[in-house]
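Take a look at the structure below.
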Amino acid sequence: MSDTKLPLRGETVIFTGSKEPVEAMERVGELGGDAVYLPLIETVVRQSELPDFGAYDWLIFTSRNSAEAFCLLDVPVRRKIAAVGEKTAEVLKENGYRVDFVPSSYSADRFAEEFPEAADKGRCLFIKGSLAKNTIASMPMPVDEWVIYETALNIGNARKLAAMKGAAVLFASPSAVSAYREAGGDWQGIKVAAIGHVTRDAILQNGGRVDFIPEKYTILDALNEIVKGSCLNE
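Per our numbering, the very first residue in the sequence shown carries number 1; after that it's consecutive.
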């Protein structure tokens, strides 16, 4: 008989992003499961000369990490801001910045499709991490790039994860997938959740499969998919 109030009883859910998802981990506990945080990537803010923000019409952020690193600078810019994802936009708004554009889907690919019309060929500065894809830079408008943080793989944690079986593992970036594979992790014996189609594609390209992918690319929505899967399997 299934326990509908505690659908994650006996389940372990592992989060692998660079920032501990406190709310999602608490939710796992409320649903009877065990939450584990094993970050597979680490971010280090670069100490570099600031660009001339006034030379741009738009500042573009595609990750929460880039938004948080930018907000640490406490720069009073008056440029339009575009953000991919509600968490990225939320960080900027909480720090006093107005967000003028968010794509209909939380992915850089969708952003690149929808943003050019809103930007009207304005000059853009893409504020990014060192491993960001070139999707944004390939848009049909002037786009300069500024690397605000470096991304490093945490192979030690990846090895720990590679030795664990029977858990549901949330991957939120291709970098996390790379760390897992570099540590010798395989896809047998774990349930795989991917946040975003780019992460999903990275898993598939590395010989894995994806059991859960939410329509909305957030950690909580990915967790909801895991919960639904647990209920169906009972």
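By construction, the Cβ of each residue, glycine as well, lies at the ideal position given by its N, Cα and C atoms.
Model, not experiment: these values are computed from the prediction.
Under a three-way DSSP split, which group does residue i fall into?
| i | result |
| --- | --- |
| threonine 151 | strand |
| alanine 69 | helix |
| aspartate 34 | strand |
| aspartate 109 | helix |
| valine 192 | strand |
| valine 91 | helix |
| valine 28 | helix |
| alanine 168 | strand |
| alanine 236 | This structure cannot settle anything about residue 236, because the visible part of the chain is limited to 1 through 234. |
| aspartate 211 | coil |
| leucine 125 | strand |
| aspartate 221 | helix |
| threonine 43 | strand |
Nearest to residue i by CA position, among the options, is which residue?
| i | options | result |
| --- | --- | --- |
| valine 91 | Ala67, Phe101, Phe111 and Tyr106 | Ala67 |
| leucine 31 | Leu50, Pro39, Gly10 and Val169 | Gly10 |
| alanine 152 | Asp100, Ala176 and Leu170 | Ala176 |
| glycine 185 | Phe61, Val143 and Gly207 | Gly207 |
| lysine 191 | Phe53, Val169, Lys93 and Gln205 | Val169 |
CB-CB under 8 Å to residue i, same chain, minus the five flanking residues each way: which ones, in chain order?
| i | result |
| --- | --- |
| glycine 29 | Ala35 |
| threonine 199 | Phe171, Ala172, Ser173, Pro174, Ala176 and Val177 |
| tyrosine 149 | Thr43, Val44, Val45, Arg46, Asn65, Ser66, Ala69, Gly129 and Ser130 |
| glutamate 215 | Asp221 |
Alpha carbon to alpha carbon, how far is residue j from residue i? Give it in angstroms, no decimals.
| i | j | result |
| --- | --- | --- |
| glutamate 20 | arginine 78 | 31 Å |
| glycine 129 | lysine 165 | 31 Å |
| phenylalanine 111 | valine 84 | 7 Å |
| leucine 72 | leucine 220 | 26 Å |
| glutamate 23 | threonine 218 | 12 Å |
| phenylalanine 115 | phenylalanine 101 | 8 Å |
| tryptophan 58 | glycine 122 | 7 Å |
| isoleucine 155 | aspartate 120 | 43 Å |
| isoleucine 203 | alanine 222 | 15 Å |
Here's a check: name, in chain order, each residue in its chain whose Cβ is nearer than 7 Å to the Cβ of residue i, leaving out the five neighbours to either side.
| i | result |
| --- | --- |
| glutamate 113 | none |
| leucine 8 | Val28, Leu31, Gly32, Gly33, Val227 and Ser230 |
| tyrosine 37 | Phe15, Glu20 and Met25 |
| proline 51 | Leu125 and Trp146 |
Does any heavy atom of the ligand HEM sit closer than 8 Å to the C-beta of residue i?
| i | result |
| --- | --- |
| valine 75 | Ligands are entirely absent from the displayed structure, and the ligand HEM is therefore not among its contents. |
Spatial neighbours of residue i within its chain, please: C-beta separation below 6 Å, excluding the five flanking residues on both sides.
| i | result |
| --- | --- |
| alanine 172 | Gly17 and Ile195 |
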